[in-house]
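Asks:
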Amino acid sequence: MDEGRHPARSQLFTVRLWIEDLGDSRAEWRGKVQHVLSGEASYFRDWPSLVAFLDERLRGLSGSAAGQGEGQDQ
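Here the sequence shown stands for residues 1 to 74, where the numbers follow the numbering used here.
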């Protein structure tokens, strides 16, 4: 795929995961997701929070691009 022709169809995110020590032999996974181009980031403790950030960010970017490709497999 030539990303030069369709830049809005591809977005780059970084996801960083680590274990947070809660004491008393307890630990919890934590994470940070960041949209590389804008720098917008969000911290999360569960998968639904990660997915919500991605969904919100992609919907915000897809205003005109999503309408062009709706209903088509890409």
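We put the beta carbon where it would ideally sit given N, CA and C, even for glycine.
Since the structure is predicted, the reported quantities are computational estimates derived from the model, not experimental observations.
(1) Under a three-way DSSP split, which group does S42 fall into?
(2) Decide if V33 is buried, meaning its Cβ has at least 16 other Cβ atoms within 10 Å, or exposed.
(3) Whole angstroms are fine: how far does the CA of G23 sit from the CA of P48?
(4) For D21 and F53, I'd like the C-alpha separation in whole angstroms.
(5) Quick check: the Cα distance between F44 and L58, rounded to an integer number of angstroms?
Replies: For this structure:
(1) strand
(2) buried
(3) 25 Å
(4) 24 Å
(5) 17 Å
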